[in-house]
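Mapped onto mature numbering (1 follows the signal peptide of the UniProt record, and there is no 0), the consecutive letters of the sequence shown carry residue numbers -32 to -1, 1 to 384.
Heads up, the beta-carbon is just placed ideally off N, CA and C, and yes, glycines get one too.
Read through the structure below, which is laid out as structure tokens, and then see the notes.
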Amino acid sequence: MKTNRRNFLKHTTAFGAAAALGPSMIASPARASGEIEVGVLFSLTGGLSIIEKSLADATMMAIDEINAAGGVNGMMIKPILEDGASDPKTYNEKASKLVIRDRLQTVFGSYTSASRKAVLPVFEKRNSMYFYPTYYEGFECSKNVVYTGAVPNQQLSNFIPWIINTLGKKKFFIVGSNYIYPREMAKVSKILIEQNGGEWIADEYLELGHSEWGAMVSKIKESGCDVVLSNVVGDSVVAFYREFKNQGLTHDKLPICATVTSEIEIAAMGPEFAVGSYTSFPYFQAIDTDRNRDFVERYRKYVNDPKAVTHHALESSYFQVYLWKQAVEKAGDISADAVREGIKGQVFEAPNGTVTVDPENLHTYLTPRIAQWGADGQGTIVDEYPAPTEPLPYVAYGETPDNLFCTGAGLDTSKL
């Protein structure tokens, strides 16, 4: 079964026709003979589609690979695709449709924290499972979410000390898009900056999708900073880096060190605008292993683009489908409760290395890495931890979570 985003309209049209005939025509996952229905919910339109289309593609690639290899316990995976349209309200509506009307037990989706927060009440109220592939700010633990992207101790706890001690940069201008992820990452960054003997001299935001960066870059130039910590998201990344260079700033003297900028944004902006800047992620396309090279090649063939790039959230979107498959096979059941228990402690050899789902908080062990961007649009890995790092979603805050499901994880601030 070959299904990708080019089949989106076909799938949604078919669903609409079934819905018009009444509920009996809409098979539940348990009712569909030989099939397991799952949701795939990413933005295929709007400003965030620059990233999220690739997450949908990676999810569909994993599904097609699993089906080609015999499925899950002999059953084929049938994806139901929906477009979050880069809008949290739309995400909530589409999540409700997938969980309530389609009666799905598992959905793979979201890129931004805003969209994750928008759908979370749906999954918690209806007790369905949501697999979230994106690096995020932490300070959350839901028994209905499996978090396969990095949390701050896997992305900032290595990055801030390295910037100060290796680059010798101590005066940070923090800039981000105006929503929860950049603001919370800034809070964690400030703690780490101060702990490591640096200082932050500004913390500024522009709206998500904002394209006019002239005034902000001028403010950066006049601030006296010696490094820019960027939590800018989506197509705003492209506008920011281009304006940065257009105003004569260079990364060898005033580097942008980013928590979001990946291979796909650099391909969109043009590599010349990012040369010499840095990003911290557990995954880069440049990881030099046979497993990763094979993954990149297969992805390019899948999307029929020999120049397509892979990146952290894409890779997590891919491997989390395999983690779900293993959980279902272990549990022998597709229900949310079974998947939740089955996913605990699951291990998978992903393109980035060995990943393991923490049984206490459903976050993922990942290996922190830092890369410097080159003229070819690829990163050269300049720092890498020797082994995967425990996910500690609460460690930076020093607070006990209200959700007792997570009390066993992330409270030792000495591990920050």
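**Study point:** 7 angstroms Cβ cutoff, Ile159 in contact with chain D
**Key:** Reference to chain D is not applicable here, since this structure consists of a single protein chain.
Check your understanding: Short check: CB of Pro129 to CB of Val156, under 7 angstroms?
Key -> no
**Study point:** Residues bridged to Glu3 (per DSSP)
**Key:** Met44
Exercise for review: Please check the pair Pro239 and Ala118, which I expect to be a contact at CB under 8 angstroms, by giving their CB distance rounded to whole angstroms.
Suggested key: With 8 angstroms as the limit, Pro239 and Ala118 do not qualify as a contact, their Cβ atoms being about 23 angstroms apart.
Point to revise | Those residues which DSSP pairs with Thr247 across a bridge | key: Ala226, Ala339
Exercise for review: Going by DSSP, name the residue or residues bridged to Lys213.
Suggested key: Looking at the DSSP assignment, Lys213 forms no beta bridge with any residue, so it has no partner.
Point to revise | Cβ contact (3+ pairs, closer than 8 angstroms) linking the stretch 266 to 278 and the stretch 66 to 79 | key: no
Review point. What residues are listed by DSSP as bridge partners for Lys269?
Key: None; Lys269 has no bridge partner.
Point to revise | Ile169 - containing beta strand (DSSP E), residue span | key: 167 to 174
Review point. Under the rule that 16 or more other beta-carbon atoms within 10 Å means buried, what is Lys84, buried or exposed?
Key: Checking the displayed sequence, the identity of residue 84 turns out to be Arg instead of Lys. It is buried - the Cβ of Arg84 has at least 16 other Cβ atoms within 10 Å.
**Study point:** According to DSSP, residues forming a beta bridge with Tyr98
**Key:** Val75, Val113
**Study point:** Rounded C-alpha distance that separates Val40 from Val296
**Key:** 7 angstroms
Review point. Looking at C-alpha atoms only, which residue of Tyr115, Tyr104, Ser191 is the closest neighbour of Ile148?
Key: Tyr104
Point to revise | 7 angstroms Cβ shell around Glu61 - same chain, five flanking residues per side excluded | key: none
Point to revise | Pairwise C-alpha distance: Ile232 and Thr322 | key: 23 angstroms
Check your understanding: Given Val113, which residues of its chain have a CB within under 8 angstroms of its CB, disregarding the five upstream and five downstream residues?
Key -> Arg84, Leu88, Phe91, Met97, Tyr98, Phe99, Tyr100, Leu330
Point to revise | Contact check, Asn142 vs Val195, beta carbons under 7 angstroms | key: According to the sequence provided, residue 142 is Ile. The question's Asn does not apply to it. No, they are not a contact pair.
Review point. Are at least three pairs of beta-carbons, each pair with one atom in the stretch 214 to 227 and one in the stretch 293 to 311, less than 8 angstroms apart?
Key: no
Check your understanding: Where does residue 392 sit, in a helix, a strand or coil, going by DSSP?
Key -> The question about residue 392 has no answer here: the residues shown for the chain are numbered -32 through 384.
Check your understanding: Count the other CB atoms within 10 Å of the CB of Asn272; is the residue buried (16 or more) or exposed (fewer)?
Key -> exposed
**Study point:** For Lys187, the nearest candidate out of Ala170, Leu197, Gly202 (CA to CA)
**Key:** Ala170
**Study point:** Proximity to Ile48 [Cα-Cα], best of Leu9, Asp25, Thr80
**Key:** Leu9
Point to revise | Identity of the residue in Val201, Glu175, Gly166, Glu352 nearest Ala281 by Cα | key: Val201
Exercise for review: Using three-state DSSP, classify Gly52 as helix, strand or coil.
Suggested key: coil
Check your understanding: So Phe316 is in the beta strand (DSSP E); what residue range does that whole segment cover?
Key -> 315 to 318
Check your understanding: Apart from the five residues just before and just after residue 389, which ones in its own chain have a Cβ nearer than 8 angstroms to its Cβ?
Key -> Here the chain comprises residues numbered -32 to 384, so residue 389 is not present and cannot be evaluated.
Check your understanding: Buried or exposed: where does Lys93 fall if 16 or more other Cβ atoms within 10 Å of its Cβ makes it buried?
Key -> exposed
Review point. What residue does the alpha helix (DSSP H) around Thr27 start on, and which one ends it?
Key: 17 to 36
Check your understanding: Sorted by chain position, which residues of the same chain lie with C-beta nearer than 8 angstroms to residue 418's C-beta, five sequence neighbours on each side aside?
Key -> With the chain covering only -32 through 384, there is no way to say anything about residue 418.
Review point. Looking only at DSSP bridge pairs, what is Leu9 linked to?
Key: Glu50, Gly77
Practice item. If I'm right that Thr247 touches Gly345 with Cβ under 8 angstroms, what's the distance once you round it to whole angstroms? Key: Contact flag wrong, Cβ pair sits at about 12 angstroms.
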